[in-house]
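Read in order, the letters of the sequence shown correspond to residues 42 to 175 in my numbering.
For each residue, glycine too, the CB sits at the ideal point set by N, CA and C.
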Amino acid sequence: MGRSAEAQAALGRAVAAIDRELAANLELTSMFDQTKQAFVLENGQWQSHGGTVARELPAAHAFAADLYTRIPAAESAMERRGPANSLKDEDREIVERWEGDAREAQRRLRADLARPQPSLVQTIARLFGRSPRI
Numbered sequence: 042m043g044r045s046a047e048a049q050a051a052l053g054r055a056v057a058a059i060d061r062e063l064a065a066n067l068e069l070t071s072m073f074d075q076t077k078q079a080f081v082l083e084n085g086q087w088q089s090h091g092g093t094v095a096r097e098l099p100a101a102h103a104f105a106a107d108l109y110t111r112i113p114a115a116e117s118a119m120e121r122r123g124p125a126n127s128l129k130d131e132d133r134e135i136v137e138r139w140e141g142d143a144r145e146a147q148r149r150l151r152a153d154l155a156r157p158q159p160s161l162v163q164t165i166a167r168l169f170g171r172s173p174r175i
């Protein structure tokens with residue numbers, strides 16, 4: 042019932058690419074915190090590998106998909122300015138929430154990738170509400 046070696050390798054590559062992209066975006070938001078200069082966040086790896094993650098890790102995909110849909114809001118929050126180039130508290134909260142969720146998406150993707158797939162015996166036992174006897 043587990044993934045084939047080829048499928049596991051493809052999933053590993055997908056998670057690694059998305060993880061690197063999120064790390065780069067976190068670096069950009071960190072630079073924003075220091076310089077108050079807006080940055081364009083990346084989403085190309087998500088576009089390329091999101092389908093693989095959706096098939097194999099649906100819960101982690103759902104969380105990350107929500108994160109990626111909020112990129113425009115985070116970018117807009119970085120661009121808005123008040124008097125003397127200040128940043129509104131609500132805009133700062135949007136960016137900080139995105140940063141925190143990006144870290145959580147990384148954690149979930151890594152954890153779900155490392156979690157072993159249930160065996161066929163375990164899956165059948167769960168369907169019948171019993172503990173597996175191996």
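Asked                                                                                                                                                             : Found
Going by C-alpha distance, which of THR70, LEU128, TRP139, GLY85 is nearest ALA58?                                                                                : GLY85
Mind checking whether LEU154 and LEU52 have CB atoms under 9 Å apart?                                                                                             : yes
Just list the alpha helix (DSSP H) runs in the region 63-138, keeping only unbroken ones of 4 residues or longer that don't cross its boundaries, in chain order. : 85-97, 99-110, 112-120
Could you give the distance in angstroms between the alpha-carbon of GLU120 and the alpha-carbon of GLU131?                                                       : 13 Å
Nearest CA to the CA of HIS102: which residue from ALA65, ALA143, SER71?                                                                                          : ALA143
With 16 as the cutoff for other CB atoms within 10 Å, does LEU63 come out buried or exposed?                                                                      : buried
Ignore the nearest five residues each way along the sequence and tell me which others in ALA105's own chain have a CB closer than 6 Å to its CB.                  : ALA146
According to DSSP, is ARG44 part of a helix, a strand, or is it coil?                                                                                             : coil
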